[in-house]
Amino acid sequence: MPQAEQHPIPDRRGENFYTTDQELRALLPLYLPDDLLRHMAPHFARMGELAGGKVDDLAGIADHHPPTLQYRSRNGLDEQRVLKHPAYVELERIALSEFGLGAMSHREETLGWRGPMPATVKYVLTYLFVQSEFGLCCPVSMTDSLTRTLRKFGSPELVARYLPRLTSLDFEDLAQGAMFMTEQAAGSDIAATTARAQPAGDDSWLLHGDKWFCSNPDADLAMVLARPDGAPAGMKGISLFLLPRRLEDGSANRYRIVRLKDKLGTRSMASGEIRLEGAVAYLVGEAGRGFVQIADMVNNSRLSNGVRAAGLMRRAVAEAEFIARERHAFGRSLQDMPLMRRQLDKLRVPAEQARTMMFQTARALARSDAGEPGAYALLRILTPLIKFRACRDARKVTGDAMEVRGGCGYIEEWSDPRLVRDAHLGSIWEGTSNIVALDVIRAIKRDDALPALRAHTDDLLGQAAGKLAPDFADTLRRAMDGACALAMAAAGDGDGSDVLARQAASALYHCASAIAMAWEAVTGGSVDRLRWAGLVLQHRVLPRDPLAPDA
Numbered sequence: 001m002p003q004a005e006q007h008p009i010p011d012r013r014g015e016n017f018y019t020t021d022q023e024l025r026a027l028l029p030l031y032l033p034d035d036l037l038r039h040m041a042p043h044f045a046r047m048g049e050l051a052g053g054k055v056d057d058l059a060g061i062a063d064h065h066p067p068t069l070q071y072r073s074r075n076g077l078d079e080q081r082v083l084k085h086p087a088y089v090e091l092e093r094i095a096l097s098e099f100g101l102g103a104m105s106h107r108e109e110t111l112g113w114r115g116p117m118p119a120t121v122k123y124v125l126t127y128l129f130v131q132s133e134f135g136l137c138c139p140v141s142m143t144d145s146l147t148r149t150l151r152k153f154g155s156p157e158l159v160a161r162y163l164p165r166l167t168s169l170d171f172e173d174l175a176q177g178a179m180f181m182t183e184q185a186a187g188s189d190i191a192a193t194t195a196r197a198q199p200a201g202d203d204s205w206l207l208h209g210d211k212w213f214c215s216n217p218d219a220d221l222a223m224v225l226a227r228p229d230g231a232p233a234g235m236k237g238i239s240l241f242l243l244p245r246r247l248e249d250g251s252a253n254r255y256r257i258v259r260l261k262d263k264l265g266t267r268s269m270a271s272g273e274i275r276l277e278g279a280v281a282y283l284v285g286e287a288g289r290g291f292v293q294i295a296d297m298v299n300n301s302r303l304s305n306g307v308r309a310a311g312l313m314r315r316a317v318a319e320a321e322f323i324a325r326e327r328h329a330f331g332r333s334l335q336d337m338p339l340m341r342r343q344l345d346k347l348r349v350p351a352e353q354a355r356t357m358m359f360q361t362a363r364a365l366a367r368s369d370a371g372e373p374g375a376y377a378l379l380r381i382l383t384p385l386i387k388f389r390a391c392r393d394a395r396k397v398t399g400d401a402m403e404v405r406g407g408c409g410y411i412e413e414w415s416d417p418r419l420v421r422d423a424h425l426g427s428i429w430e431g432t433s434n435i436v437a438l439d440v441i442r443a444i445k446r447d448d449a450l451p452a453l454r455a456h457t458d459d460l461l462g463q464a465a466g467k468l469a470p471d472f473a474d475t476l477r478r479a480m481d482g483a484c485a486l487a488m489a490a491a492g493d494g495d496g497s498d499v500l501a502r503q504a505a506s507a508l509y510h511c512a513s514a515i516a517m518a519w520e521a522v523t524g525g526s527v528d529r530l531r532w533a534g535l536v537l538q539h540r541v542l543p544r545d546p547l548a549p550d551a
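The UniProt record's numbering puts the first residue of the sequence shown at 1, with every later residue one more than the last.
Written as structure tokens, this is what we have:
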């Protein structure tokens, strides 16, 4: 007999997060080829099993035993080490070695599949893993993103030197990545970067300066922004460098971790402050083009942020649904109470929007990397859209889902507090909400991304229109008209037009996700997705009288 039937406090532990997620399994045939889906299904099931059991247990332990910084060895040598709890190390082994989440986009064979692995596979596995462990997903994403940027901009010699370890699945040999960009006076304002770079006389540079917020600070390799001596002020003087943790002779590079941060969330993963003291580094790409080059890494990481937010919301909603189904009060199951049904729908809608946008953006990434005309512009706007809106939604969804569990939801023995704490970071790192909303506008102005988005949603609506009620299809189309008009106003040249950036970003996200959900509904035959698409319009797009009773 299931434990939930034996005890008045339901516990979902041990549930497979893949096999019990009917919506996920129904969506996968829309986004993955049949042969790849058949091959990956056992691996998805394996990750779902781990996420619902072992990974969740390890994550809880690692969250309560954060890493510490060792400054000296026991015999007095200056040997800095980040000491990680064994539970976190085992999480690293599962994510980076067993599943190869940091390397699979850059290998010719992963998990028994020969040939390049579509990004969608990586994000589905991450979506399952992050439902239990959020902190490690930052190093996983940084490793993947650093490898992508190195392959795209690095010299052949640099790629040949470091790519093998970045793509290795041998846990003792594989390299992890990081990005050291933030400074005390240069957070989102990259032009204010003060870290300096001096040519060393060979193919290397020497870096000096402080970096203020460096996650995974003991990574084997990091991408670092610095200004070469003599370079002009402002953005054009910034270059990108690859910083190894250890030099060719095995000795430690000349930088140190000043301290680790005491964070609200992502406590399992170390974040610290770095002081560069003549550290050896290598120029990546063209000098003076550092911002453009690292932007590719940041955008890849922003997409990962959106995926992680979607995963956090899915975990929160799944826990709330389980409790509502298994918990009884006043002689009834909670899910049979009208207010609870309404509350669950208010949790599901943003969670399902994020899931849809995860798939849509991953598909755009694949099309862009394949060189399909117009796909880069579509990716360029979808990425900040999901990063902006899904990360903000995750903060509310995880908090509201906690309430469904009642008092137990506030207790650290359960997953809810960790979800709430971790969710708040998504809208901060890789650009705060204001910065990312303005990036949506920048994509419209500089990359002509709005016509690409409109063409994409028109295509989806055209495919679905024959199976949609004409009034509903027309409402979706007119809503997208309004969102595009608002976005054009936000991208205008008038003073203060960018004050509309957040509103425009939300409007585009809601309308695009509603249309994509409607397409998924008719293509996959999901009545629920069609209803949720309607609720997006009703509650997040269309004007409503706040004094009128809800239907």
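Glycine included, each C-beta is placed from N, C-alpha and C at the ideal position.
Between the region 462-479 and the region 388-404, the count of C-beta pairs closer than 8 Å stays below three; the two stretches do not touch.
For Q335, the CB contacts under 6 Å within the same chain, skipping 5 residues up- and downstream, are A324, R325 in chain order. The region 124-139 makes contact with the region 53-69; the number of CB pairs closer than 8 Å reaches 3 or more.
No Cβ-Cβ contact shorter than 8 Å links Y88 with Q80. Collapsing the DSSP output to three states places D78 in coil. By the Cβ test, the region 216-235 is not in contact with the region 368-386, since fewer than three Cβ pairs between them sit closer than 8 Å. Exposed is the label assigned to T68, since fewer than 16 other Cβ atoms lie within 10 Å of its Cβ. Check the Cα spacing between V159 and each of L242, M480, D369: the tightest is with L242. By the criterion of at least three beta-carbon pairs nearer than 8 Å, the region 400-407 is not in contact with the region 436-451. Here R254 is actually not in contact with V284; their C-beta atoms are around 19 Å apart, not less than 8 Å.
Judged by their CB atoms, L419 and L312 are nearer to each other than the 8 Å cut-off. For G177, the beta-bridge partners assigned by DSSP are L221.
For G462, the enclosing alpha helix (DSSP H) stretches over residues 449-464. DSSP lists R275 as the bridge partner or partners of D210.
Taking 8 Å as the cut-off, the beta carbon of T523 is found no closer than this to the beta carbon of L128. Pairwise C-beta distances place the region 150-159 out of contact with the region 118-125, as fewer than three of them are shorter than 8 Å. Around A26, the same chain offers G524, S526 as residues with beta carbons nearer than 7 Å, after the five sequence neighbours per side are excluded. For the pair A62 and F472, the Cα-to-Cα distance works out to about 48 Å. Less than 8 Å divides the Cβ of L344 from the Cβ of A320. For L28, the secondary structure class from DSSP, reduced to helix, strand or coil, is helix. Per DSSP, reduced to three states, the secondary structure at L83 is strand.
Taking a contact as a CB-CB distance under 8 Å, the pair D173 and R165 counts as one, their CB atoms being some 6 Å apart. Contact fails between the region 479-496 and the region 420-433, because fewer than three Cβ pairs, one in each stretch, are under 8 Å apart. Residue nearest to I294 within the set G250, H456, M181 is M181 (criterion: CA-CA distance).
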